[in-house]
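Residue numbering for the sequence shown follows the UniProt record's numbering, beginning at 1 and increasing consecutively.
All C-beta atoms in this analysis are idealised placements derived from N, C-alpha and C, irrespective of residue type, glycine included.
Quick notes on the structure that follows.
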Amino acid sequence: MNDMENKKFDLNSLIGFLLIGAIFIWMLYLQKPTDEEIAAEEAKIEAQKVAAENAKKQAEEEIKLADAAVLEVPSATDSLGLLKLQNALGSFAYSETLPSATNATTVVENDVLSLTISNKGGFITEARLKQFKTYDSIPVYLIKDGNSSLNFQFVAENRTLNTKDRYFEPTLTQNGENQVLTMRLKTSANAFVEYRYELIPGEYMTNFSIRSQGLENVVDTSQDMYLDWKLKGYRHAKSISYENRYTRLTYEYEGDKHSKLSPTGDDDEVEKDVNWLNMRQHFFSSMLLTDKSFKEVALSSRNLVEDEEIDTVFTKQYGAKILLEAKGGAIAENMNLYFGPTDYKIFKKYDRNLDEAMPLGWGIFGMINKFLIIPLYGFLSGWMPAGIAIILLTIILKLALSPVQYKQYVAQAKMKVLKPEIDAIKERNEGNAMKIQQETMKLQNIAGASPLKGCLPALLQIPVFYALFTFFPTAFDLRQKSFLWAEDLSSYDTIAELPFHIPFYGDHISLFPILASIAIFIYMTMTMGQSMQTQQQPGMPNMKFLMYLSPLFMLVFFNNYASGLSLYYFVSNLLTIGIMLFIKNVIIDEDKIHAQIQVNKAKPKKQSKFSKKMADMMEQAEAQKKAQKKK
1 MNDMENKKFD LNSLIGFLLI GAIFIWMLYL QKPTDEEIAA EEAKIEAQKV
51 AAENAKKQAE EEIKLADAAV LEVPSATDSL GLLKLQNALG SFAYSETLPS
101 ATNATTVVEN DVLSLTISNK GGFITEARLK QFKTYDSIPV YLIKDGNSSL
151 NFQFVAENRT LNTKDRYFEP TLTQNGENQV LTMRLKTSAN AFVEYRYELI
201 PGEYMTNFSI RSQGLENVVD TSQDMYLDWK LKGYRHAKSI SYENRYTRLT
251 YEYEGDKHSK LSPTGDDDEV EKDVNWLNMR QHFFSSMLLT DKSFKEVALS
301 SRNLVEDEEI DTVFTKQYGA KILLEAKGGA IAENMNLYFG PTDYKIFKKY
351 DRNLDEAMPL GWGIFGMINK FLIIPLYGFL SGWMPAGIAI ILLTIILKLA
401 LSPVQYKQYV AQAKMKVLKP EIDAIKERNE GNAMKIQQET MKLQNIAGAS
451 PLKGCLPALL QIPVFYALFT FFPTAFDLRQ KSFLWAEDLS SYDTIAELPF
501 HIPFYGDHIS LFPILASIAI FIYMTMTMGQ SMQTQQQPGM PNMKFLMYLS
551 PLFMLVFFNN YASGLSLYYF VSNLLTIGIM LFIKNVIIDE DKIHAQIQVN
601 KAKPKKQSKF SKKMADMMEQ AEAQKKAQKK K
C-alpha cells in the first residue's frame, strides 16, 4: 500500500511540475517585447555608445589643445585652449605648450651603449648594446618597441600626476667626456621635475637622478610618491627554455641580504630597504641602483614562456613599484641605471655586491667559482680559444683532484681483494642478514678497508663539480664562442634537426651530450660494476639502475644545455677513465694490497667508537629478533 502511494505521489508531482513549467513559458511569451520596443532599445544603446565616444574624443582634444594654441595664437597664455588644459592638468599644463611637447627623441651614447630617450615620459625607449648580437645576428636591445616604461607618480594640486603621459623638455650637454641629458617636466621656466642621465665613456653604468625645483607649493610631498618601472625581457638565445631558466629578478635589501623571485612561475614580493634590483635576462641585465636604500619596493615577475615550441618574443614580465621619499619639500633621488652584460668581471669592479645577482651557487660552491674557477678560466681564455680553455681548465682541475681519486680507487681495490672472504661470510651465514653485516663490518675494520673510505673522497669532489655546473651556464665569456662543430658554447650544439619535438629532449640532436653520456657510462661500468660485486648488500640502492640512469639523464636533459658544459663533462670523464686505468695498471699492486691486509688482520686493532656502537646496535637488534621468535 505504501509503495503504491509513493508511486502515485511521484506521478502527481511530475504532472504538477510540467504544468508549472508550461505556465512559466506562456508568461515569458506574453512578456516578449515587440519589434518596435526592440528597435527603440537598440537605438538607445547606440546613442549611449556615440555619446561615450564623443566624450572620449572631446577629452583627448582638450589634452591636445596646447599644441593648437601655440600654433594659432601669438600668446598661448591668452588662449582658451590653455585655460582648459590648466583646468585639466593644473600647473603642469605649461609643459604641454612648449615646442618639446611631441614624441621626439634624443640619443645619448658612448662606445658600448646607446640610449634613446623620448620627450613623452622622459624615459628610455631604446637601450642598445653596441658590441653584441642575438643568436640570429640581430643587435641586442634590452629596451625597444614599448617593452619598458618608467612612471613617476605623485600628487600635485589635489590630483595624481603620471609623468609617463607628460612631455619633458630635453637639454643635451657635455660634462668633460661624459654626455649629460636633462629632461624637465615644467610648471614654469624655473620650476620643474627633472630626470638626469649621464653616460660615461666605456661604461654600461649610467648615472640617473630625479629631482624637483620650485615645486614646494605644487607637489604634495606628504603623499606617497612612486617610481614604477616595468620591463618585458626580450629573448636573445637559441633555446628559450634554457635562457628563461636563468632569467630572473634578483635584488639586495636590508643591508647585504640577497634574494630573487621565482624563475618558473609568477611571483610577487614586497621588500624594505632595497639597494638595487636586477631584471636579469640570462646573459644581459637591466638594473636600477640607489645611493640610499629605497624604503619599500613591490617586486613582481610573470613568466611569459608558456610553450617552448612557440617562437616566443619575450621571456619574463618584470615590475618594480618603488616608494620614494621627499626631503625638505623637494624630490632628490640619486641612482644608477645599468644596461649591459651579466658579466662577473664587470659586476665585481663596481664593488656593490652586484655579483650576487649571478647564479654562481651558494656557500662553498659560490666561493669556489669566485676565487678559483672564474679567475682560472679568465686567465686561460685570455690567450687561447674558449673550447681549448675549457679542456685545459678540466685537465688542471682533474690533476688537482687526482690524489683524492687515488684514495678512492685504493679503497675500492681493498674491497675487491676482500671479496672472496666476504663471499665466504655470506655463504656461512646464509639467511641471516644481520650476522652477515656484523661479520663484514668486523672484517673491513680489521683490514682497514671500508666502503665509506671510497665514498668520502668522492664526496670531497662534489663541491667542485657543482661549482662547475653553475659556472658554465653563467659564463658570459662563452657566449657566441665556437669550438669544433659547436657554433656557440653558451648554447646547445646541433648535428641534426628533428622534424618533430620530443618532450624534455627538444627538436634537435646535440653531439656533446651523446659523447658525455658514453664517457659516463664507461666510467660507471668501471666503478659501479666493481661496487655491485663487492658491496651490494640488502637495503643498498640498485647500483645497476644508477649505472644506466646517469648517462640517460645526461643524454636527455643536457641536449638543450650549454655545449660548453657538455664538453667539460665529456673531457672530465675521459680524464677520469684514464687516471683510473693508470692508477690500476701502474700505481696499484693488488697483491701488495692483499699482503698488507693480511698484516693488518694479524695486528690487534682497537675498534673505533662508531664501529663499536654500530656493532652493539646490530647485536641488540639480533637479540630482539631471537626473543620475538621464541614468543
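Self-check item: Alpha-carbon spacing of L129 relative to Y338, whole angstroms
Solution: Roughly 11 Å between the two C-alpha positions.
Return yes when the Cβ of A516 is within less than 8 Å of the Cβ of I577, no when it is not.
no
Between the C-alpha atoms of Q438 and I462, what's the straight-line distance to the nearest angstrom?
When rounded, the distance between both Cα atoms is 30 Å.
What residue does the beta strand (DSSP E) around V180 start on, and which one ends it?
N178 to S188
message = Quick check: what's the CA-CA separation for D351 versus I579?
response = 41 Å
Quick check on this structure: which residue in A189, R166 and N559 has the alpha carbon closest to the alpha carbon of L215? A189
task: On the DSSP bridge assignment, give the partners of E306 in chain order.
output: Paired residue(s): none; E306 is not in a bridge.
query = What residue ranges within the segment 243–296 form continuous beta strand (DSSP E) runs of no fewer than 3 residues, ordered along the chain?
reply = 249–253, 257–260 and 267–279
TODO: My understanding is that N369 touches T470, with C-beta atoms under 8 Å, so please give their C-beta distance in whole angstroms.
DONE: 6 Å
Taking just the CA atoms, how far does A127 sit from residue 654? The question about residue 654 has no answer, for the chain in this structure spans 1 to 631.
### Query
Under 8 Å between the Cβ atoms of S209 and N334?
yes
Same chain, Cβ closer than 6 Å to L581, five either side skipped, listed in chain order
Sequence-distant partners of L581 (beyond 5 residues in either direction) whose C-beta falls short of 6 Å from its own C-beta are missing from its chain.
| Beta-carbon proximity check, S241 vs N560, cutoff 8 Å | yes
Requested in this report: List the endpoints of the continuous alpha helix (DSSP H) containing K345.
Outcome: Y344 to K349
In whole angstroms, what is the alpha-carbon distance linking T206 and L199? 5 Å
Can you tell me whether DSSP reads residue 636 as helix, strand or coil? Only positions 1 to 631 of the chain appear in this structure, which leaves residue 636 out of reach.
Open item on the list: If I measure Cβ to Cβ from L98 and keep anything under 6 Å in the same chain, skipping five residues before and after, which residues do I get?
Closed with: E169
Residue range of the unbroken alpha helix (DSSP H) whose run includes S148:
Per DSSP, S148 belongs to no alpha helix (DSSP H); it is in the beta strand (DSSP E), S148 to A156.
Could you tell me the distance, in whole angstroms, from the CA atom of I143 to the CA atom of A320? 16 Å
Stretch pair the segment 489–497 + the segment 230–249: three plus CB contacts closer than 8 Å
yes
Taking the straight line between their C-alpha atoms, what separation do you get for S563 and D477? 13 Å
Point to revise | Own chain residues within Cβ distance below 7 Å of Y568, not counting five before or after | key: I390, T394, L468 and F472
### Query
Is the distance from the Cβ of Y251 to the Cβ of S259 below 8 Å?
Yes; because the gap between Cβ atoms is below 8 Å, this pair is in contact.
Tell me the rounded alpha-carbon separation between G539 and N336.
With a pLDDT of 46 at G539, under the threshold of 50, the predicted position of this residue should be treated as unreliable, and no value is reported.
Among all the DSSP beta bridges, which residues are the ones paired with T106?
-> BP columns for T106 point to I117.
Discussion item. So, under 8 Å CB-CB, Y377 and A486 are touching, yes? Tell me the CB distance rounded to an integer number of Å.
Written reply: Actually they do not touch by this definition, with Cβ atoms about 17 Å apart.
**Prompt:** In chain order, what residues of the same chain have a beta carbon less than 8 Å from the beta carbon of residue 633, not counting five sequence neighbours either side?
**Reply:** Shown here, the chain extends from 1 to 631; a query on residue 633 therefore has no answer.
*Out of I583, P499, W229 and P201, which has the shortest C-alpha to C-alpha gap to G176?*
P201
Report task. Apply the 10 Å Cβ neighbour rule to D343 and answer buried if 16 or more other Cβ atoms are within range, or exposed otherwise. Result -> buried
Return the CA-CA distance between Y167 and R248, expressed in angstroms with no decimal places. 33 Å
Alpha carbon of F154 to alpha carbon of A332, nearest angstrom: Approximately 14 Å, taken between the alpha carbons.
For A330, which residues in the same chain have their Cβ closer than 8 Å to its Cβ, ignoring the five residues on either side in sequence?
Listed in chain order, the non-local C-beta contacts of A330 below 8 Å within the same chain comprise R211, S212, Q213, L215, E216 and T221, local neighbours out to five positions each way being set aside.
Does chain C have any CB closer than 8 Å to the CB of F371?
Included in the structure is just one protein chain, with no chain C present.
Please report the distance separating the alpha-carbon of D256 from that of L549. 41 Å
* DSSP state of R235 mapped onto helix, strand, coil -> coil
With distance defined between alpha-carbon atoms, name the residue in L360, I117 and R159 nearest to D145. I117
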